[in-house]
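K.L.:
Mind having a look at this structure? Questions to follow.
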Amino acid sequence: MKIHTRVGDVLKVAADVLISTANPWLNLSGGVNGAILSAVGPKIQEELHAYLKSQANSAVSAGSVVRSRAGNLPFHFILHAVAIDPFYDSSIELVRKTVVSALDLAIKAGAKTISTPTLATGYGPMSIADFGTAIAPLASDLRFDGLSLTIVVRKEEHRSELSQAISAARTEV
Numbered sequence: 072m073k074i075h076t077r078v079g080d081v082l083k084v085a086a087d088v089l090i091s092t093a094n095p096w097l098n099l100s101g102g103v104n105g106a107i108l109s110a111v112g113p114k115i116q117e118e119l120h121a122y123l124k125s126q127a128n129s130a131v132s133a134g135s136v137v138r139s140r141a142g143n144l145p146f147h148f149i150l151h152a153v154a155i156d157p158f159y160d161s162s163i164e165l166v167r168k169t170v171v172s173a174l175d176l177a178i179k180a181g182a183k184t185i186s187t188p189t190l191a192t193g194y195g196p197m198s199i200a201d202f203g204t205a206i207a208p209l210a211s212d213l214r215f216d217g218l219s220l221t222i223v224v225r226k227e228e229h230r231s232e233l234s235q236a237i238s239a240a241r242t243e244v
């Protein structure tokens, strides 16, 4: 898998799939989720809540990934990735597990290009470098050959931090 880093708005980086941050209740309440709600309106929120209702649950477990439509955003669909627990805690292992689940779903749907923010780094406790450490080993995972993952951050210093963490983690492998 090729991993690219970019500064900008993740909702404007066209790809087959967006892996979006998500909370266990699948509420589009802030960060990237709030931006999705603002851009698309309530339809995706309604779809996510209908999913929870169909599962007879009020929340999904940490590590879950739930697919929704993308509305007018430049993606075929969105994968809402829950890389935090109900207390907004996370770990490198949980982020990696969640991203792997999302990538597996993207492959099954025929996606080749994927865009994502750094999961568990806004409302979650992880640093940008932690996210880079979590995903770096996935670049050499043969399951993901042929995929292009673009990680979008808001500031150049975050891009630099992310790139350094990915490079350091790759040399440790």
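If you're matching positions, the sequence shown starts at 72 in our numbering and goes up one per residue. No residue lacks a Cβ here, since even glycine has one placed at the ideal position from N, Cα and C.
Once you ignore the five residues that flank Gln-116 on each side, which residues in its own chain have a CB closer than 7 angstroms to its CB?
P.N.:
For Gln-116, where only same-chain residues beyond five positions count, the Cβ hits under 7 angstroms are Leu-99 and Leu-108.
K.L.:
Ser-172: which of Ala-236, Gly-105, Phe-215 and Asn-104 sits nearest, CA to CA?
P.N.:
Of the listed residues, the one whose Cα sits closest to Ser-172 is Phe-215.
K.L.:
Going by beta-carbon coordinates alone, are Ala-110 and Gly-79 separated by less than 9 angstroms?
P.N.:
Their beta carbons are not under 9 angstroms apart, which means Ala-110 does not touch Gly-79 by this criterion.
K.L.:
Classify Asp-203 as buried or exposed, calling it buried when 16 or more other Cβ atoms lie within 10 Å of its own Cβ.
P.N.:
Residue 203 is actually Gly in this sequence, not Asp. Burial call: buried.
K.L.:
Just mark Glu-228 as buried or exposed, buried being the case when its beta carbon has 16 or more other beta carbons within 10 Å.
P.N.:
With fewer than 16 Cβ atoms within 10 Å of its Cβ, Glu-228 is classed as exposed.
K.L.:
In whole angstroms, what separates the C-alpha of Asn-249 from that of Ile-155?
P.N.:
Only positions 72 to 244 of the chain appear in the structure, and residue 249 is not among them; the question remains open.
K.L.:
Measure the beta-carbon distance from Ile-90 to Leu-165 and round it to whole angstroms, keeping in mind my assumption that it falls under 8 angstroms.
P.N.:
Between Leu-165 and Ile-90 the Cβ distance is about 14 angstroms, and since that is not below 8 angstroms, they are no contact.
K.L.:
Rounded to the nearest angstrom, what separates Ala-200 and Thr-187 at their Cα positions?
P.N.:
Cα to Cα, the separation comes out at about 15 angstroms.
K.L.:
Give the single residue among Thr-169, Val-137 and Ala-133 whose Cα lies nearest to the Cα of Phe-158.
P.N.:
Phe-158 has its Cα closest to that of Ala-133, out of Thr-169, Val-137 and Ala-133.
K.L.:
On the DSSP bridge list, what partners appear for His-75?
P.N.:
For His-75, which the question treats as bridged, DSSP gives the partners Thr-221.
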